[in-house]
Amino acid sequence: MQARTPHATAARPHPTAALRRRWPTALAAAVVALNVIASGSQDVADAVGGFAETLPLLPLIYLIVHQIGRPQATWPVLGAGLVAVFALASQDVVAPSTALVALAPAVLVRGALRGTPHGRATFGVQAVGAVVFCGLALAGLAVDPDLGRYLVAAGWFCHGVWDFVHLRLDKVVSRTFAEWCGVIDVLVAVQLLFLV
Numbered sequence: 001m002q003a004r005t006p007h008a009t010a011a012r013p014h015p016t017a018a019l020r021r022r023w024p025t026a027l028a029a030a031v032v033a034l035n036v037i038a039s040g041s042q043d044v045a046d047a048v049g050g051f052a053e054t055l056p057l058l059p060l061i062y063l064i065v066h067q068i069g070r071p072q073a074t075w076p077v078l079g080a081g082l083v084a085v086f087a088l089a090s091q092d093v094v095a096p097s098t099a100l101v102a103l104a105p106a107v108l109v110r111g112a113l114r115g116t117p118h119g120r121a122t123f124g125v126q127a128v129g130a131v132v133f134c135g136l137a138l139a140g141l142a143v144d145p146d147l148g149r150y151l152v153a154a155g156w157f158c159h160g161v162w163d164f165v166h167l168r169l170d171k172v173v174s175r176t177f178a179e180w181c182g183v184i185d186v187l188v189a190v191q192l193l194f195l196v
């Protein structure tokens with residue numbers, strides 16, 4: 001019997017190696033699939049409203065993590081943001097989008113006054129992103145749901161591109177978050193476009 005050489009063993013990656021490397025993609029696909037199953041035959045207006053209410057959270061995460069200056073803070077900031085969105089959605093006092101859009105200028109002013117860990121140029125890019133994505137969310141809420149779906153889908157899709165650019169540049173947020181968020185964003189955009 002011939003002994004295996006270390007080279008032969010190293011040449012064949014373990015079957016779960018790809019999943020371990022791409023766990024953010026797998027998690028994102030699972031989250032979107034569960035959302036599709038849970039929402040069932042959701043009305044277009046409800047779906048557009050729900051996704052529009054959540055869209056401002058995405059650039060806000062980037063703004064806050066940018067201000068913190070540590071990409072490791074990304075997942076905890078996401079967790080806190082999701083808790084806030086769901087808590088706001090469960091009461092009828094303030095819409096999540098209103099609270100998130102109101103918080104964004106506060107974070108921007110703080111960054112402008114106190115400076116930013118990644119510099120003014122990166123801060124400026126994050127500020128523009130916040131304005132664009134929050135604007136698409138608010139516009140999607142303000143117009144007829146049939147048109148709103150395309151505006152909100154554009155916001156989610158473009159934020160997915162935003163995530164993949166940040167993943168490639170390895171800037172601001174953690175790489176795992178950028179991958180996870182990018183996949184979710186693109187899949188949510190597709191889901192919005194194919195609502196019946």
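Throughout the sequence shown, residue numbering follows the working numbering, covering 1 to 196 in sequence.
Built from N, CA and C at the ideal position, the CB exists for glycine as well.
Residue i: CB within 8 Å of a non-hydrogen atom of the ligand NAP
| i | result |
| --- | --- |
| G115 | Inclusion of the ligand NAP in the displayed structure is not the case, the ligand content being empty and no account of it being possible. |
Residue i versus residue j: straight-line alpha-carbon distance, rounded
| i | j | result |
| --- | --- | --- |
| G40 | V94 | 26 Å |
| V186 | V109 | 30 Å |
| H118 | A47 | 36 Å |
| G81 | L103 | 11 Å |
| A38 | P24 | 21 Å |
| F164 | K171 | 11 Å |
Residue i and residue j closer than 9 Å at C-beta
| i | j | result |
| --- | --- | --- |
| G111 | L169 | no |
| V188 | A153 | yes |
| R149 | L88 | no |
| Q191 | V36 | yes |
| F123 | H66 | yes |
| S90 | A52 | no |
| V107 | L60 | yes |
| A28 | W180 | yes |
| P145 | G49 | yes |
Cβ neighbour criterion (16 or more within 10 Å) applied to residue i
| i | result |
| --- | --- |
| T116 | buried |
| H14 | exposed |
| G79 | exposed |
| V83 | exposed |
Legend entry - Validate contact between the stretch 56-71 and the stretch 126-139 using beta carbons, cut 8 Å, 3 pairs: Counting C-beta pairs closer than 8 Å gives three or more between the stretch 56-71 and the stretch 126-139, which meets the contact rule.
Inset, instruction - Check whether the stretch 57-74 touches the stretch 165-180, taking contact to mean three or more Cβ pairs, one atom from each stretch, closer than 8 Å. - result: Counting Cβ pairs under 8 Å, three or more are found: they touch.
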